Amino acid sequence: MSDHDVCDLPGIVARWHHDPANLVQILRDVQESCGTIPSDTLDQLAKLLNVPRVRIEATASFYSFFHAESHGAYEILFSDNVIDQMAGKAELKQYLCERLWLEPRKLSEDGLVYVDDTADIGLADQAPAMLVNGFAVPALDKARLDLVAELIRVRKPLAEWPPMLFEIPDNIRQPGPLTGEAFAPGAALKATLSRGTDATLAEIDSANLRGRGGAGFKTATKWASCRKAEGEAHYVVCNADEGEPGTFKDRVLLNSHADLVFEGMTVCARVIGARQGLLYLRGEYRNLLEKLESVLATRREKGLLGRNILGYVDADGDFDFDIEIHLGAGAYICGEESALIESLEGKPGKPRNRPPFPDRCGYRNQPTVVNNVETFACAAKIAERGGAWFAAMGTPQSAGSKLISVSGDCQRPGIYEYSFGVTVRQILIDCGAEDAHAVQVSGPSGTCISFREFDRRIAFEDLATAGAFMVFSRERDMFEVARNFTHFFAHESCGFCTPCRVGTSLLRNTMDKLAAGKGSAYDMNEMKNIMHILRGMAHCGLGHTAANPVVQTMEKFPEAYERRLKRLDFEPAFDLDGALQTARLITGRDDEWAHLADE
Amino acid sequence: MTEPKKLKVATCSLAGCFGCHMSLLDIDEKLFELVKVVEFDRSPITDIKHCGPCDIGIVEGGVCNAENVHVLKEFRKNCRILVAMGACAINGGIPAMRNNVDLWDCFQEVYHYGIGLENGQIPNDPELPLPFDKVHPINEVVRIDYFLPGCPPPADAIWKFLTDLAAGREPKLDYEMLHYD
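Protein chains in written order, with the numbering used here: chain A, -3 to 595; chain B, 9 to 189.
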């Protein structure tokens, strides 16, 4: 009955070289072939890998996509970003559940299908979207869900489902140097090899390339520092854990410009002297895996990867470099570079103490460059065309182009590539969002701007962004947008530090209290206090920014909050009389003391 | 010469174990200094049943039943400053461990299936406080001004906290009084 095969545990472990550092990959393969990771599998893995069971269990229980209980032959996860909600996700989810005669978060009676939510899956331009057994299905509507329900009802294996369900267009609306120009694989490498590593690093430096993941650290500085650091080996890691809700530019780069990204990694390898590279691909982009593997295979055939790249031999020896793809398993926190490295090493994705930074002590405690997908793509272009060409675009502090992932209330959602310095207003005109009221720049952890600030610019010196650009029209309730984000952060907090683990939950609960019409000015103050604690005491960026959506919308759209406040002083967090109902039923009491009057 | 006006203090224990009150008494001989500046209103120490207007109200324990709500609202109404003392008042603490158990199951276990019970009945006397389905921290029911953490808070922390308040200072506890490992 199951769509899943019998699990060949020793085979999976052997495929990952019996290395406990590959535990996340091993668990992924187990999950994908069995549909679950049963408890006795953990014991067997502990024996096969010769590590304590708790280590296996710590990792297996950390990631959202791993579960010990069966989710049936078909596991359906609806993307639950606010953009999906605006596109009617709740209604469509209910529709599918009714079609399949089941309740969310409960395996169907026949053990066939399971429906739940998951965090944004990188398809905000084609919302609402969902994952079926890990594979993305975009642009949901009732007709497509009818088809899905029918395929499940006749128990058609996923591999035989119509391919059109899984078609994901790039939606490149405004191409630029990265997305619009043809790139001949090998061009950047040849230029690098003929120019030499010092000169290539100098080009990256003069290009003034800064990290595209949002933080904007200067790439040449990172590479130079990693190159100088001593270690047994150097590593290149590409961060493709594009988890920030509303961002999907890396999906498009990897789908259509993977050569550019891999070439950028190879250029970096040459500069820092690395022999191994890793692409950490978020689990939600599972559908890209085979395609990316085939791009890697082609590059090996062409001599652009593997032993003796381009036949090059010099005083330092041969140029050997290869890239391995690791898949994530549903953890937003793994986009933080040190958590990503922990995950690559088979551990729960909890951020490390920094410093030391990865450039000195990264993957397997060796010097490691971790860069965003887009940064590597830029690096390849710079290696090919030179730093001056790149630096001529954008602003003095933010050189080059930036991919913007536009979604929400606009006519043309998709990828827009601009030179840095473009105004928010220009983007809104281009994407057809005349009645925009607010824009969430760079996702929940970024900046919420109101219609009064549309002349601000996308640039590190003004609005730094990893690329998300969610548009909200006048009709949208910005309180609900912020509330969605507090649920996101509470779910994605890794739980390592108390301020974040507890603080994000308190924020979520307080926003839910306001949404239930039980808010007071006291709660508003409490949320501001929690923000100070998160900013000052959380272990990593997730906690530092988790209160941003609340605080910023409170400041910019106070009316969205004020109309939810019941009293100025205080209002209980729960229905006092309602919470006595169970005990009234049990005891059969209905006397005066068995009730609490609302004052 | 008139004596300086004493601060009026009320205390109570809701869903708690009286451990915080024991810690309050644990300030030992400083109790003599304390009663020079404070006067106790409603409190297990005085056995006064209802409180009048007070400067400070100190609440131990979380909220587990309807009576707790009445007491808590009386305190909020009468006390200028209301303090949540100890882990149970702040988070629900040990009593909140029952939040993972269905209330029906709790009653069944206690009154029907417990060891040694025969023909058990669930009591329905109006004099008995009616339990909530979950135990809540007190700040979910009334506004709280200060939180004094610990299980229980050390006697020195309670002393420092009360004397700060009595002297009209913003209470401030050093790190040593707030960490427990």
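Glycine residues also receive a C-beta, built at the ideal position from the N, C-alpha and C atoms.
Note that the coordinates shown come from a computational prediction; the quantities given were computed from them, not determined experimentally.
- Note on geometry: alpha-carbon atoms of residue 45 of chain A and residue 116 of chain A lie some 33 Å from one another.
- The beta carbon of residue 140 of chain B sits closer than 7 Å to some beta carbon of chain A.
- Contact between the region 441 to 452 of chain A and the region 487 to 503 of chain A is absent: fewer than three C-beta pairs spanning the two stretches fall below 8 Å.
- Identification of chain B residues near residue 568 of chain A by a Cβ-Cβ cut-off of 9 Å yields 77, 144, 148, 149 and 150, ordered along the chain.
- When Cβ pairs closer than 8 Å are counted between the two stretches, the region 367 to 377 of chain A is seen not to touch the region 433 to 448 of chain A, the count staying below three.
- Under the Cβ criterion (8 Å, minimum of three pairs), the region 450 to 464 of chain A does not count as touching the region 477 to 495 of chain A.
- In the structure shown, residue 73 of chain B adopts extended strand secondary structure according to DSSP, grouped into three states.
- Beta-bridge partners assigned by DSSP to residue 368 of chain A: A:235.
- Inside the region 83 to 144 of chain B, DSSP marks whole alpha helix (DSSP H) runs of 4 or more residues at positions 95 to 99 and 111 to 115, from first to last along the chain.
- Around the beta-carbon of residue 129 of chain A, 16 or more other beta-carbon atoms lie within 10 Å, marking it buried.
- Around the beta carbon of residue 101 of chain B, 16 or more other beta carbons sit within 10 angstroms, so the residue counts as buried.
- Sixteen is the threshold: when 16 or more other Cβ atoms of the shown chains lie within 10 Å of the Cβ of residue 429 of chain A, as they do, the residue is buried.
- A residue is called buried when at least 16 other Cβ atoms come within 10 angstroms of its Cβ; residue 85 of chain A meets this threshold and is buried.
- The bridge partners DSSP lists for residue 381 of chain A come to none.
- In the same chain as residue 88 of chain A, and ignoring 5 residues on each side of it, the C-beta atoms closer than 8 Å to its own belong to 74, 124, 136, 137, 138 and 141, in chain order.
- DSSP, read as helix, strand or coil, puts residue 272 of chain A in strand.
- Among the residues of chain A, those whose CB is under 9 Å from the CB of residue 130 of chain B are 582, 583 and 584, following chain order.
- When the beta-carbon positions are compared, residue 48 of chain B and residue 65 of chain B stay at least 7 Å from each other.
- When 8 Å is used as the limit between beta carbons, residue 590 of chain A is near these residues of chain B: 74, 134 and 138, in chain order.
- If the five residues before and after residue 221 of chain A are omitted, its C-beta is found closer than 6 Å to the C-beta atoms of 355, all from its own chain and listed in chain order.
- Within the region 206 to 233 of chain A, no residue has its Cβ closer than 7 Å to any Cβ of chain B.
- Nearest to residue 112 of chain A by alpha-carbon distance, out of A:416, A:70 and A:203, is A:70.
- Counting the other CB atoms within 10 Å of its CB gives residue 175 of chain B a total below 16, which places it among the exposed residues.
- Judged by DSSP in its simplified three-state form, residue 65 of chain B adopts strand.
- Not flagged as an interface residue toward chain B: residue 443 of chain A, since no C-beta distance is shorter than 7 Å.
- Residue-level contact by beta carbon holds for residue 578 of chain A and chain B, with a gap shorter than 7 Å.
- Contact annotation for residue 112 of chain B against chain A: 578, 581 and 582 [CB-CB distance below 9 Å, chain order].
- Residue 121 of chain A sits away from residue 396 of chain A, with the two beta carbons spaced by 7 Å or more.
- The Cβ of residue 115 of chain B sits closer than 7 Å to at least one Cβ of chain A.
- The residue from A:344, A:366 and A:498 with its alpha-carbon nearest to that of residue 353 of chain A is A:366.
- Taken atom to atom, the span from the alpha-carbon of residue 97 of chain A to that of residue 105 of chain A is near 9 Å.
- The beta carbons of residue 24 of chain A and residue 325 of chain A sit closer together than 7 Å.
- A straight-line Cα-Cα distance of about 6 Å links residue 478 of chain A and residue 546 of chain A.
- By the beta-carbon neighbour count (other beta carbons within 10 angstroms, threshold 16), residue 165 of chain A is exposed.
- Per DSSP, residue 223 of chain A is one residue of the alpha helix (DSSP H) stretching across 215 to 224.
- Below the 7 Å Cβ cutoff, chain B contributes no neighbours of residue 542 of chain A, its closest Cβ being approximately 20 Å away.
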